[in-house]
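Below is one structure; the comments refer to it alone.
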Amino acid sequence: METKKRSTVYDCSMIELDRHHHEKGNITVVENSRTIPFDVRRVYYLYDVPGGESRGGHAHRALRQLIVSAGGSFDVTLDDGFVKRTFTLNRPYQGLLVVPGIWRELNNFSSGSVCLVLASHEYDEADYIRSYDEFIRYKQQQ
Ligand code: TYD
Numbered sequence: 001m002e003t004k005k006r007s008t009v010y011d012c013s014m015i016e017l018d019r020h021h022h023e024k025g026n027i028t029v030v031e032n033s034r035t036i037p038f039d040v041r042r043v044y045y046l047y048d049v050p051g052g053e054s055r056g057g058h059a060h061r062a063l064r065q066l067i068v069s070a071g072g073s074f075d076v077t078l079d080d081g082f083v084k085r086t087f088t089l090n091r092p093y094q095g096l097l098v099v100p101g102i103w104r105e106l107n108n109f110s111s112g113s114v115c116l117v118l119a120s121h122e123y124d125e126a127d128y129i130r131s132y133d134e135f136i137r138y139k140q141q142q
């Protein structure tokens, strides 16, 4: 699961997902390989985040993710050790692709918001870097 290339925040991007309009509502579909550049092996979602709370505060060594606001809005700040970029997610048909080796913070959750995450691997605590100092050392070694 280890990655060697020193990734940057410019390797991460907002992508526009399909939107199928119906008079009774819309539907957005994500399919492995077709829609996103990895196969999804885990889905999880954050909800009931108390006002003012922040999530994230870690990086992953190998995990790739697509982060979507399934409802409401929140900000995602990505950090590669040199540059930070903040994205506001507030459309269910947009997704933020996050490559490995990027520190992320999620905050400014609106009331009732749902952060949907499609991930390339099953949960593995060993894939996390939870100390920012360790993250900076990790980036310098890449
Ligand atoms: P974490 O990824 O640190 O949360 P966030 O980035 O949203 O702030 O996970 C929080 C806790 O949930 C952590 O103790 C591990 C657990 N967890 C799982 O057991 N499985 C999972 O797939 C995820 C994402 C988290």
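Residues 1 to 142 (the UniProt record's numbering) are what the sequence shown spells out, left to right. Heads up, the beta-carbon is just placed ideally off N, CA and C, and yes, glycines get one too. No experiment lies behind these values; they were computed from the predicted model shown.
- For residue 16, the uninterrupted beta strand (DSSP E) run begins and ends at 13-16, by DSSP.
- Residue 75 places its beta carbon less than 7 Å from that of residue 107.
- Distances between the C-beta of residue 44 and the heavy atoms of the ligand TYD include at least one below 6 Å.
- When secondary structure is reduced to three states using DSSP, residue 85 falls in the strand class.
- For residue 136, the enclosing alpha helix (DSSP H) begins and ends at 132-141.
- Going by C-alpha positions, residue 24 is about 30 Å away from residue 65.
- Residue 44 and residue 86 have their C-alpha atoms spaced approximately 22 Å apart.
- The region 92-112 makes contact with the region 52-70: 3 or more CB pairs, one atom from each, lie closer than 8 Å.
- When C-alpha distances from residue 47 are compared across 111, 78, 90 and 59, the shortest belongs to 111.
- In this structure, residue 91 has its beta carbon at no less than 6 Å from each heavy atom of the ligand TYD.
- Relative to the non-hydrogen atoms of the ligand TYD, the Cβ of residue 56 comes within a distance shorter than 6 Å of at least one.
- Not one heavy atom of the ligand TYD falls within 6 Å of the beta-carbon of residue 47.
- Taking every protein chain shown into account, the CB of residue 29 has fewer than 16 other CB atoms within 10 angstroms, so this residue is exposed.
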